[in-house]
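Q:
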Amino acid sequence: MAFPERFSNLPEYAFPRLRALLADITPGLSAGESPVVLTIGEPRHPMPDFVADVMADSIGELAKYPINEGTPELLAAIGGWLGRRYDLNVAPDRLMVLNGTREGLFNAALALCPEVKNGRRPAILIPNPFYQVYAVAAAAVQADPIFVPATPDTGNLPDYAALDPALLDRVALAYVCSPANPQGAVAGCDYLERLVALAERHDFLILADECYSEIWRDTPPPGALKVATDMGLPDRVVMFNSLSKRSNLPGLRSGFAAGGVAQIRELRRLRSYAGAPLSLPVQRVSERAWADEAHVDASRALYQQKYRIADRVLGNVPGYRPVEGGFFLWLPVDDGEAAARKLWARAGIQVLPGAYLSRDVDGHNPGQGFVRVALVADADQTEAALTRLRAVLYDDNAEG
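If you read the sequence shown in the UniProt record's numbering, its first letter stands for residue 1, the second for the next number, and so on.
(1) In the DSSP assignment, what are the bridge partners of Arg-372?
(2) So, using beta-carbon positions, are Trp-344 and Ile-40 closer together than 7 Å?
(3) Residues in its own chain within less than 6 Å of Val-136 by CB, not counting five upstream and five downstream?
(4) Here's the rule: buried if 16 or more other CB atoms are within 10 angstroms of the residue's CB, otherwise exposed. What is Phe-15?
(5) Starting from the N-terminal side, write out each stretch of the beta strand (DSSP E) that is 3 residues or longer and does not extend beyond the stretch 78 to 142.
(6) Rounding to the nearest angstrom, what Cα-Cα distance links Val-176 and Lys-226 in this structure?
(7) I'd like the span of the beta strand (DSSP E) that includes Gly-255, first residue to last.
(8) Out of Asp-144, Arg-201, Tyr-303, Ala-384, which has the shortest C-alpha to C-alpha gap to Arg-217?
(9) For Pro-234, tell me which candidate among Val-171, Ala-377, Ala-258 has the shortest Cα-Cα distance.
(10) Taking the alpha-carbon positions, what's the Ser-254 to Val-361 distance?
(11) Over what stretch of residues does the beta strand (DSSP E) that includes Pro-149 continue unbroken?
(12) Would you call Val-287 buried or exposed, if buried means 16 or more other Cβ atoms sit within 10 Å of its Cβ?
(13) Who are the Cβ neighbours of Thr-229 in its own chain at under 7 Å, not counting the five residues just before and after it?
(14) Cutting at 7 Å between CB atoms, please list the residues of its own chain near Val-392, excluding the five before and the five after it.
(15) Quick one: is Phe-147 buried, meaning 16 or more other Cβ sit within 10 Å of its Cβ, or exposed?
(16) Note the first and the last residue of the continuous alpha helix (DSSP H) segment covering Ser-178.
(17) Ordered along the chain, which non-local residues of its own chain (more than five positions away) have a Cβ less than 8 Å from that of Lys-306?
(18) Should Lys-245 be labelled buried (16 or more other beta-carbon atoms within 10 Å of its own) or exposed?
(19) So, with DSSP's three-state summary, where would you put Val-196?
(20) With a threshold of 16 other CB atoms inside 10 Å of the CB of Ala-340, please say whether the residue is buried or exposed.
(21) Which one or two residues does DSSP pair with Met-47 in a beta bridge?
(22) Does the stretch 199 to 210 come within contact of the stretch 148 to 159, defined as at least 3 CB pairs closer than 8 Å?
(23) Please report how far the alpha carbon of Ser-178 lies from the alpha carbon of Glu-61, in whole angstroms.
(24) Please state whether DSSP places Ser-213 in a helix, a strand or coil.
(25) Would you check if the distance between the CB atom of Ser-247 and the CB atom of Pro-48 is smaller than 7 Å?
(26) One question on the structure: do Leu-267 and Ala-77 come within less than 7 Å of each other, judged by their Cβ atoms?
(27) Measure the alpha-carbon distance for Ala-398 versus Ala-385 and round it to whole angstroms.
(28) For Ala-338 and Leu-352, I'd like the C-alpha separation in whole angstroms.
(29) Are the beta-carbon atoms of Tyr-212 and Gly-354 separated by less than 7 Å?
(30) Check this for me: beta carbons of Leu-157 and Ile-124, under 7 Å apart or not?
(31) Sort out for me which residues DSSP pairs His-364 with in a bridge.
(32) Between the stretch 98 to 117 and the stretch 127 to 144, can you find at least three pairs of beta-carbon atoms closer than 8 Å?
(33) To the nearest angstrom, how far is the alpha carbon of Ala-301 from that of Val-237?
(34) Less than 8 Å between the CB atoms is what I'm expecting for Val-97 and Leu-74, so what's the real figure, rounded?
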């Protein structure tokens, strides 16, 4: 059986492509060295020390069906965090618990994208490069994906306002990620205010992917829902966040969506048929994690230490941009695939070609001249790996 035609133009996912790219190479390692994998954004900092105890104390609740939208206690904990972090008062009917943000970012398109916008096929705005679920969601609802460059020339954020107004009039949804994956750029209040105003003018909904919001260099990134609420337009944004990066719990698969009552109602309705609620022990751990900031502060300090390492090792590389938030370096190279192969062959270090996170538009792929490097190892490993990376990619011009 063939896949539906609407999925036929989706490229292979990034990590199988990387395995194929490197399959014929023996990694270059000295005696006693091990390969260093800096490709996947999987946090490796310690998870909170209360996780095991809370899980054990609630293990008997595996005998119960969990609440689909989230327990009252968990929704209250998330609401409390939104109040402390953004000074937002978000009632439980404006919240829904998720199996990580990927579920919500995909299902939001299914639940909230109309079949027709102003008499025409709807469009969905996607930054380019981007988290690949955005494109799959657009394909699933048969909307036109509009890949908008997010490059150094635009501050590594998409300039949606520069699009043709006629196109904007048929936009139904616009994805934005801040801090951005993979570039680490942060959308400031001015950027978000302009985006919310644009959404109001052209009547579309912003899907704000903020799962890296608690990993930042100097200042907490502003939130899109907070900005929209201050503008009197809270229903223009649905925001998504999770415990994966914030609390180093990617395997917990626990996140949430927050937005207007009508949008959350539709997301809950779809999930009641097609979603899988979080088990009650997972919800109990999540409740505790959203209520605790000490473990988040400790983890952030480790990332900030690695920002300083990256600045010291790579700061004078032409085109290097210090990370504002998140835990990826977006490093300039002549060709991402060639750089990945060279680095694996010479130093046994795996990085991800930037083109695997982008789409060709008018013959140009904005990720072609970059590699993504995840700052997930500890400080010593990070410094050693970045020093070797610099020697291979920037200090050694020999072919390989």
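Cβ atoms here follow ideal geometry from the backbone N, Cα and C, with glycine treated the same way.
Keep in mind it's a predicted model, so treat the numbers as computed, not measured.
A: So, from the listed chains and residues:
(1) Stepping through the sequence shown from its first residue, residue 372 is reached at position 372. Trp-330, Leu-352.
(2) If you number the sequence shown from 1, residue 344 lands on position 344. If you number the sequence shown from 1, residue 40 lands on position 40. No, these two residues do not count as a Cβ contact at 7 Å.
(3) Counted from its first residue, the sequence shown places residue 136 at position 136. None.
(4) Position 15 of the sequence shown, counting from 1, holds the residue named residue 15. When all chains shown are included, Phe-15 counts as exposed.
(5) 95 to 98, 123 to 128
(6) Along the sequence shown, read from residue 1 onward, the residue named residue 176 stands at position 176. Along the sequence shown, read from residue 1 onward, the residue named residue 226 stands at position 226. Within the model, the alpha-carbon separation for Val-176 versus Lys-226 is close to 15 Å.
(7) What you label residue 255 is simply residue 255 of the sequence shown in a count that begins at 1. Residues 255 to 258.
(8) Looking up residue 217 in the sequence shown gives position 217. Answer by Cα proximity: Tyr-303.
(9) Numbered from its first residue, the sequence shown carries residue 234 at position 234. Ranking the options by Cα distance to Pro-234, first place goes to Ala-258.
(10) Along the sequence shown, read from residue 1 onward, the residue named residue 254 stands at position 254. Along the sequence shown, read from residue 1 onward, the residue named residue 361 stands at position 361. Computed Cα separation, rounded: 34 Å.
(11) By one-based count along the sequence shown, residue 149 stands at place 149. Note, Pro-149: beta strand (DSSP E), 144 to 149.
(12) Position 287 of the sequence shown, counted from the first residue, corresponds to residue 287. Correcting the residue identity first, residue 287 is Glu in this sequence and not Val. The residue is buried, with at least 16 neighbouring Cβ atoms inside 10 Å.
(13) Here residue 229 refers to the residue found at position 229 when the sequence shown is read from its first residue. Leu-88, listed in sequence order.
(14) On the sequence shown, residue 392 is found 392 positions in, with the first residue counted as 1. Cβ within range, chain order: Lys-342, Leu-343, Arg-346, Ala-347.
(15) Indexing the sequence shown from 1 puts residue 147 at position 147. By the neighbour-count rule (16 or more Cβ atoms within 10 Å), Phe-147 is buried.
(16) The sequence position of residue 178 within the sequence shown is 178, counting from 1. Ser-178 -> no alpha helix (DSSP H), and no H or E assigned at all.
(17) Residue mapping note: residue 306 aligns to position 306 of the sequence shown, counting from 1. Contacts found: Phe-327, Leu-375, Ala-379, Thr-382.
(18) Mapped onto the sequence shown, residue 245 falls at position 245. When all chains shown are included, Lys-245 counts as buried.
(19) Working through the sequence shown from its first residue, we reach residue 196 at position 196. Helix.
(20) For the purposes of this step, residue 340 is taken as residue 340 along the sequence shown, with counting starting at 1. Buried.
(21) By one-based count along the sequence shown, residue 47 stands at place 47. Per DSSP, none; premise fails for Met-47.
(22) no
(23) Position 178 of the sequence shown, counting from 1, holds the residue named residue 178. Position 61 of the sequence shown, counting from 1, holds the residue named residue 61. Distance between the alpha carbons of Ser-178 and Glu-61 is about 36 Å.
(24) As a working mapping, residue 213 is identified with position 213 in the sequence shown. In the structure shown, the three-state DSSP call for Ser-213 is coil.
(25) Residue mapping note: residue 247 aligns to position 247 of the sequence shown, counting from 1. Residue mapping note: residue 48 aligns to position 48 of the sequence shown, counting from 1. Cβ distance < 7 Å, so Ser-247 and Pro-48 count as in contact.
(26) To locate residue 267, count along the sequence shown from 1; it is residue 267. To locate residue 77, count along the sequence shown from 1; it is residue 77. No.
(27) As a working mapping, residue 398 is identified with position 398 in the sequence shown. As a working mapping, residue 385 is identified with position 385 in the sequence shown. Caution is warranted here: a pLDDT of 43 is assigned to Ala-398, below 50, making its placement in the model unreliable, and the coordinate value is therefore given only provisionally. Using only the alpha carbons, I get a separation of about 19 Å.
(28) Counting from one through the sequence shown, the residue named residue 338 turns up at place 338. Counting from one through the sequence shown, the residue named residue 352 turns up at place 352. Those two C-alpha atoms are separated by around 11 Å.
(29) To locate residue 212, count along the sequence shown from 1; it is residue 212. To locate residue 354, count along the sequence shown from 1; it is residue 354. Against a cut-off of 7 Å, the Cβ pair of Gly-354 and Tyr-212 comes out as no contact.
(30) Within the sequence shown, the letter at position 157 stands for residue 157. Within the sequence shown, the letter at position 124 stands for residue 124. In this structure, Ile-124 does not lie closer than 7 Å to Leu-157 by Cβ.
(31) Here residue 364 refers to the residue found at position 364 when the sequence shown is read from its first residue. According to DSSP, His-364 bridges with Val-361.
(32) yes
(33) To locate residue 301, count along the sequence shown from 1; it is residue 301. To locate residue 237, count along the sequence shown from 1; it is residue 237. Each residue's alpha carbon lies about 30 Å from the other.
(34) Position 97 of the sequence shown, counted from the start, is the residue given in the question as residue 97. Position 74 of the sequence shown, counted from the start, is the residue given in the question as residue 74. The distance from the Cβ of Val-97 to that of Leu-74 is about 6 Å, consistent with a contact at the 8 Å cut-off.
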